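Colleague:
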Amino acid sequence: MLRLFFTSRWMGYLALTIVFAIIASLFGLWQWDRRGQAVEAMDRVENNYDRTPVSLEDFVPVSNTVTVADEWTPLVLRGTFVIEDQVLVRTRPRAGQVGFEVLVPFRTSTDTIVVNRGWVSTGEETDFPDLIPAPPTGVVTVEGRLKLPEPELRGRGAPEGQVATINLNILQPLTTDTVREDFFVIVSAETPAPDRAPLRGERPFLDEGPHLSYTFQWFIFALMAFVGYGWLLRQDYRISRGLEPPRKSKRSDAEEEDALLEESRL
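All residue numbers for the sequence shown refer to this note's numbering, where the first residue is 23 and numbers rise by one.
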């Protein structure tokens, strides 16, 4: 069998098998990494979401810089809404519907923070909400949770007064104040409470997805490639030694027709 194994044909098959196994393993590692990211996101929700809210002045990140580990930390802000700088984030799904999220800068004694007041549905006749509940006026206390900015969607435009993503660099030219660019706040409550408000954000659903099963599948594919290679090599060896009959090659359609004509003449 060693002599057969070292033939150019079977060495070529081995090279193809190794390439396939490497590609399948890379896909498996990619799915494993995605699972790790999902688990980390779930851990952040479990660790931070139900913590006691702290004021913006008392919030001091461990590294003195806001990082992804601080996401969902409850904060309490006190200040005023810059209502004239309200911006809508378009194409936001919720419960099977597509609508908008309402962003309003919130001016505190130290910073201006972009806050996400919640979700409103698309209008019946236009690509715009029929109603956007106004934020409270005067001094307001806002409770919410910290969220990092979203990435910029290059090539995705939006009408005036709207944006495609909560990217704070994009929002900066649309606001009167200079807003903080390292995080925004998803509102959970406002005091005094307005008569009407957008639908508040929901607690994230904890689900790591199918990444673990996909990881195992890709590694199994890589293993099966070598199993299949070994089985075919064994079969070829047994045929070469006369231990099994040669494989019958499938005849072409023309050969099948010639055989039928030959049989009809007999």
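Idealized CB from N, CA, C, for every residue including glycine.
This structure is a prediction, so every number in the text was calculated from the model and none was measured.
To the nearest angstrom, report how far apart Thr134 and Glu165 are at their CA atoms.
Modeller: For the purposes of this step, residue 134 is identified with residue 112 of the sequence shown, where counting begins at 1. For the purposes of this step, residue 165 is identified with residue 143 of the sequence shown, where counting begins at 1. Taking the straight line from one Cα to the other gives about 15 angstroms.
Colleague: What does a CB cutoff of less than 7 angstroms around Asn70 pick up in its chain, not counting 5 residues either side in sequence?
Modeller: As a first step, residue 70 is located in the sequence shown; it is residue number 48 there, counting from the start. Excluding sequence neighbours, Asn70 sits near Glu93, Trp94, Thr95.
Colleague: Looking at the secondary structure, which residues open and close the beta strand (DSSP E) in which Leu125 lies?
Modeller: Along the sequence shown, one-based indexing puts residue 125 at 103. Its beta strand (DSSP E) spans residues 119-130.
Colleague: For the beta strand (DSSP E) containing Glu212, list its first residue and its last residue.
Modeller: Locating residue 212 in the sequence shown gives position 190, where the first residue counts as 1. Start and end: 206-213.
Colleague: Decide yes or no for the touch test of the segment 139-158 against the segment 205-223: beta carbon pairs closer than 8 angstroms, at least 3 of them.
Modeller: Yes, since at least three Cβ pairs between the segment 139-158 and the segment 205-223 fall closer than 8 angstroms, the two stretches touch.
Colleague: What's the gap between the Cα of Gly34 and the Cα of Thr237?
Modeller: In the sequence shown, residue 34 corresponds to position 12, counting from 1. In the sequence shown, residue 237 corresponds to position 215, counting from 1. Their Cα atoms are separated by approximately 27 angstroms.
Colleague: Taking DSSP as the reference, what is the three-state secondary structure of Leu99?
Modeller: Walking along the sequence shown from the start, residue 99 turns up at place 77. Of the three classes helix, strand and coil, the one that applies to Leu99 here is strand, per DSSP.
Colleague: Count the other C-beta atoms from every protein chain shown that fall within 10 angstroms of the C-beta of Glu212, then say buried if there are 16 or more, exposed otherwise.
Modeller: Residue mapping note: residue 212 aligns to position 190 of the sequence shown, counting from 1. Glu212 comes out buried.
Colleague: Could you tell me whether the Cβ atoms of Pro127 and Val104 are closer together than 8 angstroms?
Modeller: One-based indexing of the sequence shown puts residue 127 at position 105. One-based indexing of the sequence shown puts residue 104 at position 82. Yes, Cβ-Cβ distance for Pro127 and Val104 is below 8 angstroms.
Colleague: Do Pro232 and Val142 count as a contact pair if the criterion is CB distance below 8 angstroms?
Modeller: On the sequence shown, position 120 is the one that residue 142 refers to. On the sequence shown, position 210 is the one that residue 232 refers to. No, the Cβ-Cβ distance between Val142 and Pro232 is not below 8 angstroms.
Colleague: Considering only C-alpha positions, which residue in the set Ala186, Val209, Glu230 is nearest to Arg56?
Modeller: One-based indexing of the sequence shown puts residue 56 at position 34. The option with the nearest alpha carbon to Arg56 is Glu230.
Colleague: What do you reckon, are the CB atoms on Glu79 and Thr163 nearer than 8 angstroms?
Modeller: By 1-based counting over the sequence shown, the position of residue 79 is 57. By 1-based counting over the sequence shown, the position of residue 163 is 141. No, these two residues do not count as a Cβ contact at 8 angstroms.
Colleague: Please report how far the alpha carbon of Gly292 lies from the alpha carbon of Thr130, in whole angstroms.
Modeller: Residue coverage of the chain in this structure runs from 23 to 288, which leaves residue 292 outside it and unanswerable.
Colleague: At what residue ranges does the segment 148-204 contain a whole run of the beta strand (DSSP E), taking only runs of 3 or more?
Modeller: Counting only runs of 3 or more, we get 162-169.
Colleague: May I ask which residues mark the beginning and end of the beta strand (DSSP E) holding Trp141?
Modeller: What you label residue 141 is simply residue 119 of the sequence shown in a count that begins at 1. That run of the beta strand (DSSP E) goes 134-143.
Colleague: Note the first and the last residue of the continuous alpha helix (DSSP H) segment covering Leu228.
Modeller: By 1-based counting over the sequence shown, the position of residue 228 is 206. That residue, Leu228, is in no alpha helix (DSSP H); it is neither H nor E in DSSP.
Colleague: Take Gln239 as the anchor and find which of Gly50, Val76, Gly177, Gln108 has the nearest alpha-carbon.
Modeller: The residue you call residue 239 lines up with position 217 of the sequence shown. Among Gly50, Val76, Gly177, Gln108, the Cα nearest to that of Gln239 belongs to Gly50.
Colleague: Apply the 10 Å Cβ neighbour rule to Glu62 and answer buried if 16 or more other Cβ atoms are within range, or exposed otherwise.
Modeller: If you number the sequence shown from 1, residue 62 lands on position 40. Counting Cβ neighbours within 10 Å, Glu62 comes out exposed, since fewer than 16 surround it.
Colleague: Assuming the contact rule is C-beta atoms closer than 8 angstroms, Val120 and Thr144 should be a hit. Round their C-beta distance to whole Å, please.
Modeller: As a position in the sequence shown, residue 120 is number 98, starting the count at 1. As a position in the sequence shown, residue 144 is number 122, starting the count at 1. The Cβ separation is near 6 angstroms, so the contact holds.
Colleague: Can you give the beta carbon distance from Ile188 to Phe206, rounded, assuming they're within the 8 angstroms contact cut?
Modeller: For the purposes of this step, residue 188 is identified with residue 166 of the sequence shown, where counting begins at 1. For the purposes of this step, residue 206 is identified with residue 184 of the sequence shown, where counting begins at 1. Ile188 to Phe206, Cβ: 6 angstroms. Contact.
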